[in-house]
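Protein sequences, first through last, are from chains A and B.
Heads up: take any position in the first sequence, counting from 1, add 4, and you land on this note's numbering.
Heads up: take any position in the second sequence, counting from 1, add 4, and you land on this note's numbering.
C-beta: ideal position from N, C-alpha, C; glycine also.
Taking it in order: structure first as structure tokens, then the write-up.
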Amino acid sequence: MDVEFKLDPAQTEPKITVTAADLTDEIKDLLLRLEHGRPTAITATRGDRAVLLAPEHILRFFADGKTVSVQTAEGIFSVRHRLYELEELLDRHKFARISHSEIVNLSHVTALDLSLSGTIRMTLTGDVTCFVSRRCLKKIKQALDL
Amino acid sequence: MSEKKKLIVRALMGGVIAKLLLLGFWIWFHLTGLTPQGVVPVGDFNLVSRATVAMFGSYWLAAAAEFACAFALGAAIGIASMPFADDTRSLLKESVLHFIITGGLVLLNLWVQCLLGLSRFFLASYALLYLLIWLGRWVGWYVEVDQIKIKLGLAPAHSPLKWRETLPYLPFLLVLCVLLPMVLVWADLLLFAYGSPLLSHGLMPYVIFPVVSLCSGISLGKRQGLCILYPVAAYLLHAPMVFWLFNHYFYLIFADILFTFALIGNVIGTVHRKRKQKKEVAK
Chain A
5 MDVEFKLDPA QTEPKITVTA ADLTDEIKDL LLRLEHGRPT AITATRGDRA VLLAPEHILR
65 FFADGKTVSV QTAEGIFSVR HRLYELEELL DRHKFARISH SEIVNLSHVT ALDLSLSGTI
125 RMTLTGDVTC FVSRRCLKKI KQALDL
Chain B
5 MSEKKKLIVR ALMGGVIAKL LLLGFWIWFH LTGLTPQGVV PVGDFNLVSR ATVAMFGSYW
65 LAAAAEFACA FALGAAIGIA SMPFADDTRS LLKESVLHFI ITGGLVLLNL WVQCLLGLSR
125 FFLASYALLY LLIWLGRWVG WYVEVDQIKI KLGLAPAHSP LKWRETLPYL PFLLVLCVLL
185 PMVLVWADLL LFAYGSPLLS HGLMPYVIFP VVSLCSGISL GKRQGLCILY PVAAYLLHAP
245 MVFWLFNHYF YLIFADILFT FALIGNVIGT VHRKRKQKKE VAK
């Protein structure tokens with residue numbers, strides 16, 4: 005991808021033009037990120053160490069009391085954002101709110117099971133288990149354009 | 005509106021509706037001359053049954069007790085859908101607790117109305133209705149979870165004749181086509197031993213069957229498209245009951261009603277689903 009910057013004092017409001025042969029998914033994602041300021045990485049901390057986590061490596065975000073944590077294959081970290089802020093920041097087609105206290109990365113879902121008692125258990129990569137609220141089934145369907 | 009307020013509003017509405025329904029039933033019983041205690045003269049109309057007044061010793065005490073019990077039962081029914089919408093994992097526990105409490109209120113109402121002799125019928129009907137509603141909700145979630153699994157690539161594509169997609173609705177059909185007729189025939193023997201079987205030959209085939217099979221057909225059609233096995237299963241499940249309970253091939257018309265309305269409902273649901281899909285593609 006060629007990135008070019010043109011200095012133009014007459015352009016008071018920055019304007020970004022993307023030129024491509026075809027509107028691929030990559031271009032669509034780029035345009036969305038440019039338009040909505042979607043982050044390419046999430047800043048997380050563990051102890052006094054800060055790390056940058058790529059969204060595709062994130063399994064889930066979950067609220068633990070007053071703090072919000074993020075889980076990847078490497079472990080659990082803390083993030084400064086609240087869940088509702090993360091809901092707005094992240095790609096809604098890839099991350100869905102599954103309950104009052106959890107947002108999961110749908111590309112890491114390996115199993116989804118409904119028990120006779122009505123509980124919906126979701127399994128993520130690495131056998132991470134979480135439970136889907138019945139109220140949030142609609143949100144998941146919206147994320148998947150169902 | 006907060007959850008607490010919603011709970012209170014639903015309980016109040018349920019209570020008021022229950023009381024109005026009870027009043028309606030009493031008026032109907034007295035207008036038709038048909039009551040569970042036998043035929044009473046049409047002119048002998050009263051808002052509270054004589055047996056209840058005799059039990060409490062005072063008209064107003066009997067009326068207050070009847071009002072309170074009917075209101076409580078209505079309130080319990082009014083909040084019935086709350087556990088289903090809850091975020092917690094304790095759906096089964098909450099449902100069982102609600103079932104027991106509401107069942108207790110049904111018995112209490114029967115006692116106040118001096119109808120404890122019919123408690124087996126009412127409790128069986130109540131349990132059946134509860135099971136039907138619970139199954140209906142469960143089937144809805146099952147289908148939604150299945151749709152999500154297919155979209156996430158976790159489940160195989162459609163099965164032949166969509167038998168897998170129809171399967172979750174089978175318990176619901178069993179209750180509708182097999183259990184319900186049995187309960188209503190029994191109810192007719194208890195309530196209308198001296199007259200025609202209004203429930204199993206009137207209410208069931210001409211009201212319950214068309215409405216319920218149409219709605220469930222629409223539900224399946226909206227979620228899974230055309231599932232021809234559904235109306236076929238409805239027919240096949242009820243047909244043996246016709247010979248066992250009614251003992252005459254004429255009553256196969258009841259199975260025809262089930263088949264027809266289930267099919268119509270399924271087609272309506274399928275059309276709705278296709279239109280919705282076309283709209284989304286156009287967007």
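Open item on the list: Along the segment 115 to 128 of chain A, where does the CB come closer than 8 Å to a CB of chain B? Name the residues.
Closed with: 115, 116, 117, 118, 120, 121, 122, 123, 124
TODO: Report yes if the CB atom of residue 274/B is closer than 8 Å to the CB atom of residue 234/B, and no otherwise.
DONE: The count along the second sequence starts at 1 and reaches residue 274/B at position 270. The count along the second sequence starts at 1 and reaches residue 234/B at position 230. Not a contact, by the Cβ cut-off of 8 Å.
Open item on the list: Would residue 153/B pass as an interface residue toward chain A - the criterion being a Cβ-Cβ separation below 8 Å?
Closed with: Within the second sequence, residue 153/B is the residue found at index 149, counting from 1. Judged by the 8 Å Cβ criterion, residue 153/B is in contact with chain A.
Task: For residue 71/B, the nearest candidate out of 188/B, 16/B, 104/B, 101/B (CA to CA) - done: Here residue 71/B corresponds to residue number 67 of the second sequence, with the count starting at 1. When only C-alpha atoms are compared, the closest one is 16/B.
Open item on the list: I'd like the list of long-range same chain contacts for residue 228/B, defined as Cβ closer than 7 Å, with 5 residues on each side in sequence excluded.
Closed with: The sequence position of residue 228/B within the second sequence is 224, counting from 1. 147, 166, 169.
Task: Opposing strand residues paired with residue 128/A [DSSP bridges] - done: Reading the first sequence from its first residue, position 124 is the one you call residue 128/A. DSSP lists 113/A, 132/A as partners of residue 128/A.
Open item on the list: DSSP has residue 58/A in a bridge; who is on the other side?
Closed with: Walking along the first sequence from the start, residue 58/A turns up at place 54. Per DSSP, none; premise fails for residue 58/A.
Task: Segment limits, beta strand (DSSP E) that includes residue 83/A - done: One-based indexing of the first sequence puts residue 83/A at position 79. According to the DSSP assignment, residue 83/A belongs to the beta strand (DSSP E) that extends over 79 to 83.
TODO: Determine, using beta carbons only, whether residue 48/A and residue 57/A come nearer to each other than 8 Å.
DONE: On the first sequence, residue 48/A is found 44 positions in, with the first residue counted as 1. On the first sequence, residue 57/A is found 53 positions in, with the first residue counted as 1. Cβ distance < 8 Å, so residue 48/A and residue 57/A count as in contact.
Open item on the list: Let's test the definition: count the other Cβ atoms within 10 Å of the Cβ of residue 124/B and tell me whether it reaches 16, buried, or not, exposed.
Closed with: As a first step, residue 124/B must be located in the second sequence, where it is residue number 120. It is exposed - the Cβ of residue 124/B has fewer than 16 other Cβ atoms within 10 Å.
TODO: Can you give me, in chain order, the residues of the segment 60 to 72 of chain B that have a beta carbon less than 8 Å from any beta carbon in chain A?
DONE: none
- [ ] Select from 52/B, 181/B, 268/B the residue whose C-alpha is nearest the C-alpha of residue 221/B.
- [x] Locating residue 221/B in the second sequence gives position 217, counting from the first residue. With distances taken between Cα atoms, residue 221/B lies closest to 268/B.
- [ ] Please classify residue 68/A: does DSSP put it in a helix, a strand, or coil?
- [x] The residue you call residue 68/A lines up with position 64 of the first sequence. Strand at residue 68/A.
Open item on the list: With a threshold of 8 Å between beta carbons, is residue 143/A in contact with chain B?
Closed with: Position 139 of the first sequence, counted from the first residue, corresponds to residue 143/A. Taking Cβ atoms only, chain B never reaches closer than 8 Å to residue 143/A, which makes this a no.
Open item on the list: On the DSSP bridge list, what partners appear for residue 107/A?
Closed with: Residue 107/A sits at position 103 when you count from the first residue of the first sequence. Bridge partners of residue 107/A: 65/A, 101/A.
- [ ] Kindly list, in the order they appear in chain B, the residues whose Cβ is closer than 8 Å to that of residue 148/A.
- [x] Counted from its first residue, the first sequence places residue 148/A at position 144. By Cβ distance, chain B contributes 152, 155, 156.
Open item on the list: For residue 242/B, which residues in the same chain have their Cβ closer than 8 Å to its Cβ, ignoring the five residues on either side in sequence?
Closed with: In the second sequence, the residue the question calls residue 242/B occupies position 238. If we look at residue 242/B and ignore the five residues flanking it on each side, its Cβ neighbours are 181, 182, 185, 258, 259, 262.
- [ ] Provide the residue span of the alpha helix (DSSP H) that contains residue 141/B, from first to last.
- [x] Here residue 141/B corresponds to residue number 137 of the second sequence, with the count starting at 1. Looking at the DSSP string, the run of the alpha helix (DSSP H) that includes residue 141/B is 123 to 155.
- [ ] Could you tell me whether the segment 116 to 130 of chain B touches the segment 100 to 115 of chain A, using the rule of 3 or more Cβ pairs below 8 Å?
- [x] no
Task: Closest Cα partner of residue 110/B within the set 224/B, 76/B, 83/B - done: Taking the first residue of the second sequence as position 1, residue 110/B is located at position 106. Nearest of 224/B, 76/B, 83/B to residue 110/B, Cα basis: 76/B.
- [ ] Just the C-alpha distance for residue 176/B and residue 114/B, rounded to the nearest angstrom, thanks.
- [x] The residue given as residue 176/B occupies position 172 in the second sequence. The residue given as residue 114/B occupies position 110 in the second sequence. Their Cα atoms are separated by approximately 28 Å.
Open item on the list: Does the segment 115 to 123 of chain A come into contact with the segment 137 to 157 of chain B, if we say contact requires no fewer than three beta-carbon pairs (one atom in each stretch) closer than 8 Å?
Closed with: yes
- [ ] Check each candidate in 73/B, 9/B, 189/B, 272/B and name the one with the smallest Cα separation from residue 26/B.
- [x] Working through the second sequence from its first residue, we reach residue 26/B at position 22. Closest by alpha carbon: 73/B.
Task: Contact with chain B by residue 113/A, beta-carbon distance below 8 Å - done: Position 109 of the first sequence, counted from the first residue, corresponds to residue 113/A. Yes, contact with chain B.
TODO: Tell me residue 75/A's beta-bridge partners as DSSP assigns them.
DONE: One-based indexing of the first sequence puts residue 75/A at position 71. The bridge partners DSSP lists for residue 75/A are 64/A, 80/A.
Task: Assigned secondary structure, residue 94/A (DSSP; H/G/I helix, E/B strand, else coil) - done: Within the first sequence, numbered from 1, the residue matching residue 94/A stands at position 90. Residue 94/A falls in the coil class under three-state DSSP.
Open item on the list: Please return the same chain residues whose Cβ sits closer than 8 Å to the Cβ of residue 76/A, not counting the five positions on each side in sequence.
Closed with: For this step, residue 76/A is matched to residue 72 along the first sequence. Correct list, in chain order: 57, 61, 62, 63.
- [ ] Determine, using beta carbons only, whether residue 101/A comes closer than 8 Å to chain B.
- [x] Working through the first sequence from its first residue, we reach residue 101/A at position 97. Not an interface residue.
Open item on the list: Let's see if you can read the secondary structure: which residues bound the alpha helix (DSSP H) around residue 48/A?
Closed with: The residue labelled residue 48/A in the question sits at position 44 within the first sequence. Here residue 48/A belongs to no alpha helix (DSSP H); instead the beta strand (DSSP E) covers 46 to 50.
Task: Beta carbon proximity, residue 64/A to chain B, threshold 8 Å - done: Locating residue 64/A in the first sequence gives position 60, counting from the first residue. It does not; no Cβ of chain B falls within 8 Å.
Open item on the list: Suppose the cutoff is 8 Å on Cβ atoms and the five residues either side in sequence are ignored; what does the same chain contact list for residue 105/B look like?
Closed with: If you number the second sequence from 1, residue 105/B lands on position 101. Same-chain partners within the cutoff: 80.
Open item on the list: Against chain B, does residue 138/A count as a neighbour if the rule is that its beta carbon must be under 8 Å from one of theirs?
Closed with: Taking the first sequence and counting its residues from 1, the one referred to as residue 138/A is at position 134. Cβ-Cβ to chain B under 8 Å: yes for residue 138/A.
Open item on the list: Could you tell me the alpha carbon to alpha carbon distance between residue 22/B and residue 134/A, rounded to whole angstroms?
Closed with: For the purposes of this step, residue 22/B is taken as the residue at position 18 of the second sequence. For the purposes of this step, residue 134/A is taken as the residue at position 130 of the first sequence. One C-alpha to the other measures close to 40 Å.
Open item on the list: On the CB-based measure, 16 or more other CB atoms within 10 Å of its CB, does residue 128/A come out buried or exposed?
Closed with: For the purposes of this step, residue 128/A is taken as the residue at position 124 of the first sequence. Flag for residue 128/A reads buried.
Open item on the list: Looking at chain A, is there any beta carbon in it that lies within less than 8 Å of the beta carbon of residue 101/B?
Closed with: Residue numbering aside, residue 101/B sits at position 97 when the second sequence is read from its first letter. Closer than 8 Å: no.
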